[in-house]
Amino acid sequence: MNTNRQTVTLKNAARKLAIAAGVCYLITHVTSIGAVFLYDPVLKNASYVLGAGADSQIILGAIFDIILALAIVGTAVSLFPIAKKQHEGIALGYVGLRTLEAGVIAVGVLPLLAVVTLRQHLTGTAEADPVTLVTFSSALVSLYKWTTLIGPGLICGTNTVLMAYLMFKSRLVPRFIPVLGLVGGPIIFALTVAKMLGLYDQNPAWVAAIAVLPIFSWEVSLALYLIIKGFKRTAFAPDAASTAANALLSVA
Numbered sequence: 057m058n059t060n061r062q063t064v065t066l067k068n069a070a071r072k073l074a075i076a077a078g079v080c081y082l083i084t085h086v087t088s089i090g091a092v093f094l095y096d097p098v099l100k101n102a103s104y105v106l107g108a109g110a111d112s113q114i115i116l117g118a119i120f121d122i123i124l125a126l127a128i129v130g131t132a133v134s135l136f137p138i139a140k141k142q143h144e145g146i147a148l149g150y151v152g153l154r155t156l157e158a159g160v161i162a163v164g165v166l167p168l169l170a171v172v173t174l175r176q177h178l179t180g181t182a183e184a185d186p187v188t189l190v191t192f193s194s195a196l197v198s199l200y201k202w203t204t205l206i207g208p209g210l211i212c213g214t215n216t217v218l219m220a221y222l223m224f225k226s227r228l229v230p231r232f233i234p235v236l237g238l239v240g241g242p243i244i245f246a247l248t249v250a251k252m253l254g255l256y257d258q259n260p261a262w263v264a265a266i267a268v269l270p271i272f273s274w275e276v277s278l279a280l281y282l283i284i285k286g287f288k289r290t291a292f293a294p295d296a297a298s299t300a301a302n303a304l305l306s307v308a
């Protein structure tokens with residue numbers, strides 16, 4: 057009877073964690089897409105630092121990226137109590153890599169905010185050389201672009217494979233969902249390496265769109281399944297309840 061109560065409690069806790077993870081995944085997509093659009097003026101205009109500037113828009117994009125970083129960590133923290141029952145090493149690796157990804161994204165916010173500061177405090181002053189400002193601004197924007205390759209590119213591709221493999225082996229969700237991650241993760245990783253080596257410049261655009269589709273589908277389908285259905289029965293099987301209940305209850 058005690059085991060049955062533990063199983064019910066574990067099931068309820070797992071449901072809460074599933075919803076939390078799903079919501080965090082959806083937040084990552086909303087904020088990441090929003091940030092890209094908000095950053096558009098500074099990313100596409102090398103002379104942004106010399107003009108009037110849409111500073112409030114850039115700052116809002118930075119806020120979106122910070123929320124994105126927090127949500128990324130949220131996905132890992134929410135999944136960890138369930139994932140570690142299946143394979144603690146992979147679960148820890150996922151938390152570590154997701155946290156690293158979030159950290160790189162947060163660091164990428166700083167150079168764009170520095171461009172805003174340059175525009176506000178140096179542009180138009182007697183000591184400000186326009187050529188130097190544009191050069192320095194372009195270097196800061198390039199630093200941001202490198203962080204997008206390392207964080208959402210290399211690191212995300214790697215941690216996607218880890219969690220997709222764990223989900224596939226454990227059957228915590230229908231297997232077609234992690235298959236998308238197992239396909240999408242290596243594609244994003246390889247595409248990012250190609251960009252870093254100068255072998256691919258995102259033209260034509262449809263190639264990039266096709267490349268990101270599997271990993272996008274993995275995260276969105278996983279998020280929706282976790283919110284609507286939750287984890288499958290293997291997440292709270294009776295034989296696992298006694299060893300996992302305390303860990304789940306301490307987080308839920």
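Position 56 (the sequence shown) corresponds to 112 in the working numbering; numbering is contiguous. Every residue gets a Cβ at the ideal spot worked out from N, C-alpha and C, and that includes glycine.
| Query | Result |
| --- | --- |
| Best match in S103, S226, P186, A91 for proximity to G117 [C-alpha to C-alpha] | A91 |
| Per-residue burial, P186 [other beta carbons within 10 Å of its own, 16 or more giving buried] | exposed |
| Cβ pair count under 8 Å reaching 3, the segment 219-236 against the segment 198-206 | no |
| 9 Å Cβ cutoff met for A74 and I138 | yes |
| 9 Å Cβ cutoff met for G240 and T216 | yes |
| Euclidean distance between Cα positions of L124 and T248 | 20 Å |
| Residues near L135 by beta carbon distance below 6 Å, same chain, minus five either side | A77 |
| Chain-order list of residues whose beta-carbon lies under 6 Å from that of D111 (same chain, five-residue window excluded) | V172 |
| 6 Å Cβ shell around G213 - same chain, five flanking residues per side excluded | G241, I244, F245 |
| Residues near A170 in its chain [Cβ-Cβ closer than 8 Å; skip 5 each side] | L196 |
| Cβ pair G237, E157 closer than 9 Å | no |
| Reduced DSSP category for H177 - H, G, I as helix; E, B as strand; rest coil | helix |
| C-alpha gap between K140 and T188, whole angstroms | 52 Å |
| Residue nearest to L168 in terms of C-alpha spacing, selected from D96, G159, Q142, I89 | D96 |
| Sub-9 Å separation of S193 and Y104 beta-carbons | yes |
| Range of the contiguous alpha helix (DSSP H) that encloses F136 | 111-142 |
| Alpha helix (DSSP H) segment containing I284, residue limits | 261-284 |
| When F272, L222, A279 are compared against H143, the one with the closest alpha-carbon | L222 |
| Backbone CA spacing between Q113 and R154 [nearest angstrom] | 27 Å |
| Buried versus exposed, by CB contacts within 10 Å (16 or more), A300 | Any reading at A300 needs caution, since the residue's pLDDT is 42, under 50, leaving its predicted position unreliable; the model's value is listed next. Buried, since its Cβ has 16 or more Cβ neighbours within 10 Å. |
| Buried versus exposed, by CB contacts within 10 Å (16 or more), L265 | Position check: residue 265 holds Ala in this sequence, whereas Leu was assumed. A265 is exposed by the Cβ-count criterion. |
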